[in-house]
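*Asks:* Protein chains in written order, with our numbering: chain E, 62 to 552; chain V, 62 to 552.
Protein chains: 2
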Amino acid sequence: MSKEITPRSTDYAQWYNDLVIKGDLADYSAVRGCMVIKPYGFGLWENMRDALDRMFKDTGHVNAYFPLFIPKSFLSREAAHVEGFAKECAVVTHYRLKNDPDGGGVITDPDAKLEEELIVRPTSETIIWNSYKTWIQSYRDLPLLINQWANVVRWEMRTRLFLRTAEFLWQEGHTAHATSDEALEESKRMLDVYADFVENWMALPVIKGVKTASERFAGAEDTYCIEALMQDGKALQAGTSHFLGQNFAKAFDVTFSDKNNKLDYVWATSWGVSTRLVGALVMAHSDDEGLVLPPKIAPLQVVIVPIYKGDEQKSGIDAKANEIIKELKAKGVRVKYDDSDNQRPGWKFAQYELKGVPVRIAIGARDLQNNVAEVSRRDTRQKSSVSLEALSGTIIAMLDEIQKAMFNKALAFREKNITKVDTWDDFVKTLDEKGGFISAHWDGTAETEAAIKEKTKATIRCIPLNNPPEEGKCVLSGKPSSQRVLFAIAY
Amino acid sequence: MSKEITPRSTDYAQWYNDLVIKGDLADYSAVRGCMVIKPYGFGLWENMRDALDRMFKDTGHVNAYFPLFIPKSFLSREAAHVEGFAKECAVVTHYRLKNDPDGGGVITDPDAKLEEELIVRPTSETIIWNSYKTWIQSYRDLPLLINQWANVVRWEMRTRLFLRTAEFLWQEGHTAHATSDEALEESKRMLDVYADFVENWMALPVIKGVKTASERFAGAEDTYCIEALMQDGKALQAGTSHFLGQNFAKAFDVTFSDKNNKLDYVWATSWGVSTRLVGALVMAHSDDEGLVLPPKIAPLQVVIVPIYKGDEQKSGIDAKANEIIKELKAKGVRVKYDDSDNQRPGWKFAQYELKGVPVRIAIGARDLQNNVAEVSRRDTRQKSSVSLEALSGTIIAMLDEIQKAMFNKALAFREKNITKVDTWDDFVKTLDEKGGFISAHWDGTAETEAAIKEKTKATIRCIPLNNPPEEGKCVLSGKPSSQRVLFAIAY
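1. In whole angstroms, give me the CA-to-CA distance for Ser446(V) and Arg337(E).
2. Which residues, in chain order, does the segment 119-143 of chain V contribute to contact with chain E at a C-beta distance below 8 Å?
3. Out of curiosity, what's the CA-to-CA distance linking Ile463(V) and Gly84(V)?
4. Check for me: the alpha helix (DSSP H) holding Phe304(E) runs from which residue to which?
5. If you reduce the DSSP assignment to three classes, tell me which class Arg405(E) lands in.
6. Since Met344(V) contacts Tyr77(V) with CB under 8 Å, what's their CB separation in whole angstroms?
7. Determine the extent of the alpha helix (DSSP H) in which Thr517(E) is found, giving its start and end residues.
8. Could you tell me whether any Cβ in chain E is nearer than 8 Å to the Cβ of Lys249(V)?
9. Name, please, each residue of chain E whose Cβ falls closer than 7 Å to the Cβ of Pro100(V).
10. In the DSSP assignment, the alpha helix (DSSP H) including Gly79(E) goes from what residue to what residue?
11. Can you confirm whether the segment 350-366 of chain V touches the segment 279-296 of chain V when touching is taken to mean that 3 or more C-beta pairs between the two stretches lie within less than 8 Å?
12. Quick one: grab the DSSP three-state call for Asp163(V).
13. Residues in its own chain within less than 6 Å of Pro68(E) by CB, not counting five upstream and five downstream?
14. For the segment 214-226 of chain E, which residues have a CB atom closer than 8 Å to at least one CB atom of chain V, in sequence order?
15. Can you tell which of Ile422(V), Lys392(V) and Ala391(V) has its C-alpha closest to the C-alpha of Pro406(V)?
16. Return the Cβ separation of Arg157(E) and Ala173(E) in integer angstroms, given the expectation that the two are a contact with Cβ distance under 8 Å.
17. Would you say the beta carbon of Glu450(V) is closer than 7 Å to some non-hydrogen atom of the ligand ZN?
18. Between Ala151(E) and chain V, is the shortest Cβ-Cβ distance under 8 Å, so that the two count as touching?
19. Grouping DSSP H, G and I as helix and E and B as strand, with all else coil, what is Asn527(E)?
20. In chain order, what residues of the same chain lie with their CB nearer than 6 Å to the CB of Phe117(V), ignoring the 5 residues before and after it?
21. Hey, quick one: how far does the alpha helix (DSSP H) through Thr184(E) stretch, first residue to last?
22. Just how far apart, CA to CA, sit Asn322(V) and Ser241(V)?
23. Distance, Cα to Cα, Ala256(E) vs Ala466(E)?
24. For Trp190(V), which residues of its own chain have a beta-carbon under 8 Å away from its beta-carbon, when the five flanking residues on both sides are left out?
25. Considering only residues of the segment 107-156 of chain V, which uninterrupted beta strand (DSSP E) runs meet the minimum length of 3 residues and lie entirely inside it, listed in chain order?
26. Quick one: what's Cys286(V) bridged to in DSSP?
27. My assumption, with CB atoms under 8 Å, is that Gly556(V) sits in contact with Thr480(V). Please give the rounded CB distance.
28. Checking contacts by CB at 8 Å: is Leu158(E) closer than that to chain V?
29. Mark Ser15(E) as exposed unless 16 or more other C-beta atoms lie within 10 angstroms of its C-beta, in which case mark it buried.
30. If we cut at 8 Å on Cβ distances, does Ser90(E) have a partner in chain V?
31. Is Pro178(V) close to chain E, meaning its C-beta is less than 8 Å from at least one C-beta of that chain?
32. If you measure between the beta carbons of Leu460(E) and Leu342(E), is that distance less than 8 Å?
33. Roughly how many angstroms lie between the CA atoms of Ser448(V) and Leu547(V), to the nearest whole one?
34. Sort out for me which residues DSSP pairs Trp565(V) with in a bridge.
35. Nearest to Asn261(V) by alpha carbon, out of Pro356(V), Asp493(V) and Pro171(V)?
36. Work out the CA separation of Arg219(V) and Thr491(V) for me, nearest whole Å.
Below is the structure:
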């Protein structure tokens with residue numbers, strides 16, 4: 062089984078694709094650039110979504126649902142937004158099909174042309190702020206803290222499962238506030254929520270920062286982000302939170318009267334994470350044997366495989382396994398007993414390694430006599446013999462330990478791969494030979510940023526929050542710089 | 062507050078719209094036929110969705126996600142399906158916009174025309190069975206029990222909030238089986254799940270039945286349904302479950318090898334309920350004062366309103382209210398303390414009646430002295446004085462009692478409005494004067510069914526399951542009939 066997976070060292074991109082497809086996370090579809098999220102992959106996304114949703118609700122947000130379609134003219138309302146988003150979109154032009162008079166199935170009915178084209182939402186600021194205009198009159202209507210779980214479409218020419226697909230699932234928070242400070246605070250609060258989720262649920266350390274002007278969301282005053290490092294040394298933007306100022310309020314004429322009855326435009330934020338996080342999860346933790354999933358979000362946390370000959374041995378193991386399952390389920394563990402008789406234990410072991418199930422328990426007839434089970438950790442692939450009495454307690458502790466160990470491993474990798482660089486030669490060499498994040502001085506101009514991207518494909522991933530001031534010289538231009546920023550090649 | 066709601070007796074349709082809009086369930090959007098589901102309405106839908114999702118998982122189903130878009134040619138594959146579904150659809154013809162050279166914002170880029178148009182899914186049988194073709198080879202891959210929560214689009218000319226919108230949210234189950242019997246059993250099992258949910262969570266009694274051939278889903282061999290009765294005497298189809306035979310397997314060439322290595326086409330079901338159920342909920346239970354929501358799915362089950370003068374009175378009430386809230390929350394009750402100071406208690410009472418919160422508790426300074434609170438039931442609008450010691454226990458019992466009372470009230474109404482009719486004159490008269498379900502003999506022909514619809518707008522809602530055989534004469538044609546069927550005017 063594991064031999065079918067291309068090793069990372071041979072072809073990292075193919076390794077990733079093998080894991081997604083053979084690990085049953087997703088599949089290609091008949092529609093170019095759109096994927097099918099298979100039940101195992103969707104189970105993972107459900108666990109991520111549910112954890113995030115609780116965090117959003119705990120910070121005072123409520124869910125709502127806005128239309129899939131956006132009138133074309135809305136996209137032109139906010140000048141920067143249209144430049145960034147209006148282009149690569151699915152455009153609905155007709156609302157009816159009819160039978161082909163020549164018998165070739167169905168054709169678009171030319172009589173059913175829309176007066177104004179509808180765009181399948183690439184993001185929902187415009188359609189949502191159009192509603193907010195009627196919902197917000199007074200400071201008493203603020204803050205408005207709304208989130209939406211939805212599908213969005215951005216027509217991508219080059220797609221990769223989870224990482225970049227034409228349609229993807231995400232959540233988008235859209236909040237409205239009475240003051241600039243409140244909106245700024247909200248955008249930072251949600252960045253913290255994202256960092257908390259990605260680090261403590263996905264076991265993936267992130268760097269919190271702010272984007273440079275050229276990497277900002279189209280229509281934002283500031284874009285905050287969390288950046289993670291993948292095993293191949295490339296960075297991945299894991300979530301963004303935007304301070305939108307009054308840009309969308311002005312574009313959609315959303316004003317409110319304050320306590321003194323003075324009219325002002327409303328202040329806004331938006332923030333989102335998507336199914337792209339599933340791709341990050343796969344790339345950050347997995348190995349050449351398959352997926353490695355953090356226990357807190359793994360669809361299946363523990364699998365028990367019986368090893369037996371004949372019905373008599375099996376019934377003894379069944380009884381004990383059912384006891385263990387009952388104990389584990391009572392403690393909230395997602396556990397499965399795989400006593401299917403159509404595959405041998407060795408095949409099952411490989412299968413559950415491929416699927417990244419954090420803990421595997423094997424119970425044989427001799428184990429039962431000795432009152433033990435063989436417990437195998439997916440992350441370290443260490444095996445140990447555990448007495449049946451201690452089993453459920455050991456497993457609970459082990460799941461916790463795996464969660465922490467995965468984070469620490471990823472953190473150690475990340476720390477090893479942040480390199481301080483002070484010359485252009487070192488910059489190029491480090492990028493070439495080591496990859497990872499490069500901490501370097503930059504003169505703060507868009508020109509230099511573009512020149513570095515042009516020469517090396519590296520972009521400024523972020524200016525870390527709480528970045529210490531440090532006098533220096535720009536790694537490319539030699540001009541004065543007041544702080545280091547983080548460069549990397551990014552997904 | 063309540064005066065702003067049109068009474069049912071004046072204009073039932075306007076009453077419904079008033080409740081949806083003023084009860085903050087939904088709003089119109091800038092896109093024709095598409096609605097915005099507001100946070101309060103979405104909270105209701107979330108509770109419904111979560112309850113259904115647990116029921117689906119308890120019956121062995123898993124969730125997945127398939128593309129929003131369907132290649133146009135797919136719709137023509139299943140002959141009956143294309144007739145029923147291919148017509149009123151949103152058609153994506155282009156994948157890019159560009160700046161209008163005349164400066165008028167953005168226009169569709171004529172160079173970005175799709176080779177094959179994509180249809181925004183009106184339902185997903187075709188795109189899903191195209192995937193099943195590669196997922197199913199052997200009987201070991203069956204049954205495949207997959208559900209999807211998704212948005213779908215059907216271009217409707219006349220729309221009504223929740224009841225009929227161009228875009229709506231739903232779940233669609235798509236299962237694959239090795240035998241006809243298994244598929245039939247599955248379609249009936251899911252009908253039972255729907256009936257269980259609508260009756261026990263939404264407090265709405267339903268009649269389980271099977272559709273006549275002319276009312277079947279496009280591509281189904283049989284369509285099972287649950288039918289509910291609204292307060293205006295019209296029926297509403299609350300859910301459908303289809304036995305699809307081998308139609309989609311044949312259209313998409315999905316075969317499997319059985320235990321004897323013999324190839325056969327796979328057997329299928331599909332089943333769905335949608336946000337339309339929110340409309341049914343509103344119409345079945347609410348009154349002229351506002352929404353009446355069943356406790357099990359109400360976003361807010363209990364609201365506590367303090368009545369006080371001055372800070373001293375308030376702090377005493379606050380302390381007691383917080384105790385009660387703590388007790389109720391510990392028992393899983395969704396409770397809110399509304400001590401906002403910008404509205405008077407009377408305004409708040411009307412507001413929570415409008416929103417259908419099942420139980421309201423008012424605590425005044427004198428109540429506190431007497432160690433009591435005033436408890437008000439939304440369904441009966443009865444008020445009672447309850448001692449503070451007994452309060453949380455009383456509330457828990459009352460929520461349960463309200464859930465049952467709402468079901469019983471709706472059931473009594475439904476039973477009173479099923480009329481046995483044996484002549485055409487009585488049929489027309491009953492439909493005119495009383496409405497509701499009419500139980501009448503029908504000769505079993507599509508011609509008579511169409512003639513009755515033409516003359517009266519009444520359709521055969523269903524042939525009830527376990528319908529007793531009864532010899533009779535068709536109410537219109539006078540030809541022999543072997544059983545009664547249920548007619549009604551339907552939403």
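Ideal Cβ placement from N, Cα and C applies to all residues, glycine included.
*Replies:* In short, the structure shows the following:
1. As a first step, residue 446(V) must be located in the second sequence, where it is residue number 385. As a first step, residue 337(E) must be located in the first sequence, where it is residue number 276. So the alpha carbons of these two residues sit roughly 55 Å apart.
2. Val123, Asn124, Ala125, Tyr126, Phe127, Pro128, Leu129, Phe130, Ile131, Pro132, Lys133, Ser134, Phe135, Leu136, Ser137 and Val143
3. Numbered from its first residue, the second sequence carries residue 463(V) at position 402. Numbered from its first residue, the second sequence carries residue 84(V) at position 23. Rounded to whole angstroms, Ile463(V) to Gly84(V) spans 20 Å at the Cα level.
4. Residue numbering aside, residue 304(E) sits at position 243 when the first sequence is read from its first letter. Element bounds for Phe304(E): not the alpha helix (DSSP H) but the beta strand (DSSP E), Ala296 to Gly306.
5. In the first sequence, residue 405(E) corresponds to position 344, counting from 1. Arg405(E): coil per DSSP, three-state reduction.
6. On the second sequence, position 283 is the one that residue 344(V) refers to. On the second sequence, position 16 is the one that residue 77(V) refers to. At roughly 6 Å, the Cβ-Cβ gap stays under 8 Å, so Met344(V) and Tyr77(V) are in contact.
7. As a working mapping, residue 517(E) is identified with position 456 in the first sequence. Element bounds for Thr517(E): Ala507 to Thr517.
8. Here the question's residue 249(V) lines up with position 188 in the second sequence. So no, Lys249(V) is outside the interface.
9. Reading the second sequence from its first residue, position 39 is the one you call residue 100(V). Neighbours of Pro100(V) on chain E, chain order: Val123, Asn124, Ala125 and Ile207.
10. Locating residue 79(E) in the first sequence gives position 18, counting from the first residue. The residue asked about is misnamed: residue 79(E) is Asp in this sequence, not Gly. Residues Tyr73 to Lys83.
11. no
12. Sequence index remark: in the second sequence, residue 163(V) carries index 102 (1-based). Residue state, collapsed to three classes: coil.
13. What you label residue 68(E) is simply residue 7 of the first sequence in a count that begins at 1. Result list for Pro68(E): Asp349, in chain order.
14. So the close ones are Val214 and Trp216.
15. As a position in the second sequence, residue 406(V) is number 345, starting the count at 1. The shortest Cα separation from Pro406(V) among Ile422(V), Lys392(V) and Ala391(V) belongs to Ile422(V).
16. As a position in the first sequence, residue 157(E) is number 96, starting the count at 1. As a position in the first sequence, residue 173(E) is number 112, starting the count at 1. With a Cβ gap of about 3 Å, Arg157(E) and Ala173(E) count as contacting.
17. For the ligand ZN, the structure offers nothing, since it holds no ligand at all.
18. Start at 1 with the first residue of the first sequence, and residue 151(E) comes out as number 90. Answer yes: the Cβ-Cβ gap between Ala151(E) and chain V drops below 8 Å somewhere.
19. In the first sequence, counting from the first residue as 1, residue 527(E) sits at position 466. Three-state DSSP puts Asn527(E) in coil, outside helix and strand.
20. Residue 117(V) sits at position 56 when you count from the first residue of the second sequence. Excluding residues within five positions, the ones whose Cβ falls inside 6 Å are Asn208.
21. Mapped onto the first sequence, residue 184(E) falls at position 123. Segment: none, Thr184(E) is in no alpha helix (DSSP H) and carries neither H nor E.
22. Translated into positions along the second sequence, residue 322(V) becomes position 261. Translated into positions along the second sequence, residue 241(V) becomes position 180. Each residue's Cα considered, the two are about 18 Å apart.
23. The sequence position of residue 256(E) within the first sequence is 195, counting from 1. The sequence position of residue 466(E) within the first sequence is 405, counting from 1. Separation of Ala256(E) and Ala466(E) (C-alpha to C-alpha, rounded to the nearest whole angstrom) is 18 Å.
24. Against the second sequence, residue 190(V) aligns to sequence position 129. Only His235, Phe309, Ala310, Ala312, Phe313, Val315 and Ala329 meet the Cβ criterion.
25. 130-132 and 152-155
26. Position 225 of the second sequence, counting from 1, holds the residue named residue 286(V). Under DSSP, the beta-bridge partners assigned to Cys286(V) are Gly270(V) and Thr301(V).
27. Nothing about residue 556(V) can be read from this structure; chain V reaches only from 62 to 552.
28. Translated into the one-based positions of the first sequence, residue 158(E) becomes position 97. Yes - at least one Cβ of chain V is within 8 Å of the one on Leu158(E).
29. The structure shown has nothing for residue 15(E), since chain E only spans 62 to 552.
30. Position 29 of the first sequence, counting from 1, holds the residue named residue 90(E). It does; some Cβ of chain V falls within 8 Å.
31. Walking along the second sequence from the start, residue 178(V) turns up at place 117. For clarity, residue 178(V) is Glu in the given sequence; the question names Pro instead. For Glu178(V), a Cβ of chain E is located within less than 8 Å of the residue's own Cβ.
32. In the first sequence, the residue the question calls residue 460(E) occupies position 399. In the first sequence, the residue the question calls residue 342(E) occupies position 281. No; because the gap between Cβ atoms is not below 8 Å, this pair is not in contact.
33. For the purposes of this step, residue 448(V) is identified with residue 387 of the second sequence, where counting begins at 1. For the purposes of this step, residue 547(V) is identified with residue 486 of the second sequence, where counting begins at 1. Computed Cα separation, rounded: 49 Å.
34. Outside the displayed range of chain V (62 to 552) lies residue 565(V), so it cannot be described from this structure.
35. Translated into positions along the second sequence, residue 261(V) becomes position 200. Here the closest residue by C-alpha is Pro356(V).
36. Indexing the second sequence from 1 puts residue 491(V) at position 430. Indexing the second sequence from 1 puts residue 219(V) at position 158. Straight-line Cα distance between these residues: approximately 27 Å.
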